[in-house]
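Chemist: Just so it is clear: in the sequence shown, position 91 is 95 by my numbering, and no numbers are missing. Note that beta-carbon positions come from the ideal geometry of N, C-alpha and C, so glycine has one too. Quick caveat: nothing in here was measured; it's all calculated off a predicted structure. Please find one structure pasted underneath; my questions will follow.
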Amino acid sequence: MDNMDLDLRSIQEARDLCKYGSAAAERIAKYSEDQIDKILQNMVRAAEEHAAELAQMAVEETGFGKVQDKIYKNHGASTLVYNYIKDMKTQGIISEDPVNKMFEVADPVGLIMGIIPSTNPTSTVIYKSLIAVKARNAIVFSPHPSALKCTSRAARLMAQAAVDAGAPSDTIGCLSMCTMQATNELMHNDAVKLIIATGGPGMVKAAYSAGKPAIGVGAGNSPSYIERTADVKKAVSNIIASKTFDNGTICASEQSIIVEECNHDAVVAELKAQGAYFMNPDEVKKVCSVLFKNGHTMNAKYVGRSAKVIADGAGISVPDNTTVLIGAQSGVGEGNLLSYEKLTCVLGFYVVRDWHEACELSMKLLQNGIGHTMNLHTQDEKIVREFAVKPASRILVNTGGSMGGTGLSTGLAPAFTLGCGTMGGSSVSENVTPLHLINKKTVCYGIKDAVTLASDDPTFHVCADASAKSQTCSSIPATPISYSTGCNSCGCDAQSPASFVRNPMAAAHAACVAGTQTVSEDIDSRKMASSDEGINLEQLKDMINGLVNAMKGE
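Written out as structure tokens, the structure is:
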């Protein structure tokens, strides 16, 4: 019976977590900065003490990644995140503008739902717990089913550490029964005010469809371009270090390498020297056959696996010390499966003639991970500026994608939820921090007289003659309308009968035109539009100038 009722029990658990979490959110909202900092410090201490335990649990439960790298992830999610956010203003007055007599006040959002991925389960729990509490919010987690034990353990550690330091009980909660029904209940429960979704596209889409504010992140597909001026050895070292960090489970990791014809040989030689294995076309097919299923959806069995494990699974022989598998690709999309995201130790490989071709190729590759991250290795600042326009929220220069995108090796905010902007279907484009988890209220004093606002405004123009307020169309001189002058009445910019259709301002003044010109029938905009002759470029310029002058009141 218990098994049959699992879905019902999980829904009830979700409701209870929302009820108690909401109450905790109300209490912690009243905490001082010192109280919050004391709680955060104790959470960091607990995370560091159990970093190795949590890393071991995550690898054993999911099979993804490497223990040593996950330990460092847990360190980054705790100590490095805390050091970045500890002095952040997230309560009270957070900014002031004495000139315009304004100031901003931060308010917590309330209870947050955090969706946790299987690739970075414990580090994401630690990170989201810290940024939620820093902003004086409560948070409840929905784990990935394949990472339930390690996620729950991390959440319990954070919850206990918070309570021990004075936080309200239930400030941090986590589902223990992982069902879609429970996750759906959390998403749609009225007590949850905001959702932070880190996970697969389906889960992120569901979060945005829940009818409440959400911060979701999309898939990455970062190309890494080694431009001709790059330090090849350093570039390759960064790429290998990044792609093998936790076996490529970070979505900002490199997915393809782009080189130029002029540095191709040097890059290939350096990649091989650092343990990369270049697959032949037959081997690429074998690897792709086990790496992907249902098109280009990655097989979870090979997520976060070493190059040797993947090669063995595909039935190809590689040296034991192989770092990454590399396969040449002739294009992007179907038929070139390595052009898609691969959260594991496999890379696509492309050769171009110059940076112009690299630009075009990067744009195509980024369409499969638009808005996320791009990686660039160069000593030419002009090239950096050229690539700054690419549709990626993080353009990383001369660093590894995994470390650079998460802020571990760059000046970005250390984070494990990386926004992709509207181009990637996300509500934010930055690395998510406590500042994304607050409401900002603005207090502003009047600095202009509301009674005489219009008359005191030097940029606002009306008819020069005050009597124009009572002026009627019949009193306007019957001046012929030309393309260059308009009707010269109260700033009207009517230029021709057809302009009544094209321009709302002219249409609104049709009565004036009717009163100043002799017409044989009532004005019919449809007839005038169809009968009006076309205009040349010079006449169009005159019309535009007339509109501008009218808007200026000239």
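Please classify Gln259: does DSSP put it in a helix, a strand, or coil?
Modeler: strand
Chemist: Check whether the Cβ atoms of Leu342 and Val355 lie closer than 8 Å to each other.
Modeler: no
Chemist: Starting from Phe68, trace the beta strand (DSSP E) in both directions and tell me its first and last residue.
Modeler: Unbroken run through Phe68: none, as it is neither H nor E.
Chemist: Whose CA, out of Ala163, Pro125, Lys305, lies closest to the CA of Asn78?
Modeler: Nearest of Ala163, Pro125, Lys305 to Asn78, Cα basis: Pro125.
Chemist: Are there 16 or more other CB atoms within 10 angstroms of the CB of Leu179, so buried, or fewer, so exposed?
Modeler: buried
Chemist: How would you label Leu198, buried or exposed, when you count the other beta carbons within 10 angstroms and need 16 or more for buried?
Modeler: buried
Chemist: At which residues does the beta strand (DSSP E) containing Lys197 begin and terminate?
Modeler: 196–201
Chemist: Excluding the 5 residues flanking Glu525 on each side, which residues of the same chain have their C-beta closer than 6 Å to its C-beta?
Modeler: In this predicted model, Glu525 has a pLDDT of only 44, less than 50, meaning its place in the structure is not dependable; the value taken from the coordinates is given anyway. Closer than 6 Å at Cβ, skipping near neighbours: no residue.
Chemist: For Arg530, count the other beta carbons within 10 Å of its own beta carbon; 16 or more makes it buried, fewer makes it exposed. Which is it?
Modeler: In this prediction, Arg530 has a pLDDT of 42, which is less than 50 and means its spatial position is unreliable; nothing more can be read from the coordinates.
Chemist: At which residue ranges does the stretch 153–187 contain complete beta strand (DSSP E) runs of 3 or more residues, listed in the order of the chain?
Modeler: 176–178
Chemist: Can you grab the Cα-Cα spacing for the pair Gly170 / Lys445, in whole Å?
Modeler: 27 Å
Chemist: Using beta-carbon positions only, say whether Val71 and Leu441 come within less than 8 Å of one another.
Modeler: no
Chemist: Quick one: residues in its chain with C-beta nearer than 6 Å to the C-beta of Ser431, no 5 flanking neighbours on either side, listed in chain order?
Modeler: Excluding five sequence positions before and after Ser431, the CB atoms of its chain that fall closer than 6 Å to its own CB belong to Ile219, given in chain order.
Chemist: Given a cut-off of 8 Å on the beta-carbon distance, is the pair Ser127 and Phe68 in contact?
Modeler: no
Chemist: Closer than 6 Å by C-beta to Ser150: which residues in its own chain qualify, once you throw out the five before and the five after it? Chain order, please.
Modeler: Here the set comprises Thr66, Ser122.
Chemist: Starting from Thr248, trace the alpha helix (DSSP H) in both directions and tell me its first and last residue.
Modeler: 236–248
Chemist: Would a C-beta distance cut-off of 8 Å place Thr248 and Thr327 closer than the cut-off?
Modeler: With respect to the 8 Å criterion, Thr248 and Thr327 are classified as neighbours on the basis of their beta carbons.
Chemist: Just how far apart, CA to CA, sit Asn553 and Ala396?
Modeler: 41 Å
Chemist: Mapping the DSSP letters down to three states, classify Arg232 as helix, strand or coil.
Modeler: coil
Chemist: So, helix, strand or coil for Cys349, using DSSP?
Modeler: coil
Chemist: Rounded to whole angstroms, what's the CA-CA distance from Glu30 to Cys22? Just pull it up for me.
Modeler: 12 Å
Chemist: Pop quiz: Ile98 and Gly118 are said to be a contact at Cβ under 8 Å. What is the actual Cβ separation, rounded to whole angstroms?
Modeler: Their Cβ separation, rounded to whole angstroms, is 23 Å, which puts Ile98 and Gly118 out of contact at 8 Å.
Chemist: From the DSSP output, which residues share a beta bridge with Tyr281?
Modeler: Leu329
Chemist: Whose C-alpha, out of Gly375, Asp168, Pro285, Ala214, is nearest the C-alpha of Ala256?
Modeler: That would be Gly375, whose Cα lies nearest to the Cα of Ala256.
Chemist: When we look at the beta-carbon of Pro102 and count the other beta-carbons within 10 Å, is it buried (16 or more) or exposed?
Modeler: exposed
Chemist: Tell me whether the beta-carbon of Ser133 lies closer than 8 Å to the beta-carbon of Met61.
Modeler: One thing to note: Ser133 has its Cβ no nearer than 8 Å to the Cβ of Met61.
Chemist: Consult DSSP for Ser99 and reduce its assignment to one of helix, strand or coil.
Modeler: strand
Chemist: Residues in the same chain with beta-carbon distance under 7 Å from Ser406, minus the five sequence neighbours each way, listed in chain order, please.
Modeler: Ser246, Phe249, Ile254, Ala256, Ser257
Chemist: State the start and end residues of the unbroken alpha helix (DSSP H) segment that holds Lys34.
Modeler: No alpha helix (DSSP H) holds Lys34; DSSP gives it neither H nor E.
Chemist: On a Cα-Cα basis, can you pick out the residue from Asp324, Ala56, Thr183 that is closest to Arg13?
Modeler: Residue Thr183 is the option with its Cα nearest to Arg13.
Chemist: With the cut-off set at 8 Å, would you say Pro380 and Tyr212 are in Cβ contact?
Modeler: Reading off the sequence shown, one finds Leu at residue 380, where the question assumed Pro. In this structure, Tyr212 does not lie closer than 8 Å to Leu380 by Cβ.
Chemist: Going by the beta-carbon positions, is the gap between Ala273 and Gln383 smaller than 8 Å?
Modeler: no
Chemist: Based on Cα-Cα distance, which residue from Thr410, Ile243, Arg49, Ser334 lies nearest to Asp168?
Modeler: In this structure, Arg49 is the residue among Thr410, Ile243, Arg49, Ser334 with its C-alpha nearest to the C-alpha of Asp168.
Chemist: Could you tell me the distance, in whole angstroms, from the CA atom of Arg140 to the CA atom of Met547?
Modeler: 57 Å
Chemist: For the candidate residues Glu189, Ala136, Gly252, Thr202, whose alpha-carbon lies nearest to that of His148?
Modeler: Thr202
Chemist: When you compare the CB positions of Gly409 and Thr377, do they come within less than 8 Å of one another, or not?
Modeler: Annotated as proximal: Gly409 and Thr377, with beta-carbon spacing under 8 Å.
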